[in-house]
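Participant:
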Amino acid sequence: PRCTSSWRFQALDSDQKNAIRLLKAKRVVGDSFIVAQSWPSGNDVPAVPSVPEEGGGPYVDKSGIKRLPSHFVKMSSDDKGRRAAWEDMVGEKVGKSKGKCVELLASN
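Numbering (our numbering), first residue to last: 1111 to 1218.
(1) Which same chain residues, not among the five before or five after D1141, have their C-beta less than 8 Å away from its C-beta?
(2) According to DSSP, Q1147 sits in a beta bridge with which residue or residues?
(3) What number of angstroms, rounded off, separates the C-alpha of E1163 from the C-alpha of C1113?
(4) Can you tell me where the alpha helix (DSSP H) holding L1132 begins and where it ends?
(5) V1155 and W1149 look like a contact to me (Cβ under 8 Å); what is the Cβ gap, rounded to whole Å?
(6) Across which residues does DSSP place D1123 in a beta bridge pair?
(7) Measure from the alpha carbon of S1115 to the alpha carbon of each residue in G1167, R1177, V1161, A1146, then state which is nearest.
Here you go:
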């Protein structure tokens, strides 16, 4: 059995409120926050967490799973010709939030 873990740390600024909440960052000192990611040594290394933009958008959580908040899901491109956010995620492993996604898709 593997008993050692590999770790990765990422610092966040206190003004990145969405990132702190979504990535479950912990306060270290004053206004400094840290996102800690670990995995058993010898296993595949998960994707590096990405800092979501303020206001939302796709991001990678600290488990290495790409996520898209459900309120960003649209069936097709918008009237300005921009692709729907989920189109860039086709073929990738993403988080499980089927209920919200199905509700949004059915309401369009």
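Every residue gets a Cβ at the ideal spot worked out from N, C-alpha and C, and that includes glycine.
Computed from a predicted model, the values in this text were never measured in an experiment.
Facilitator: Quick look at the numbers:
(1) D1123, S1124
(2) R1118
(3) 36 Å
(4) 1127-1132
(5) Separation of the CB atoms of V1155 and W1149 is rounded to 7 Å, and the pair is thereby assigned contact status at 8 Å.
(6) S1142
(7) A1146
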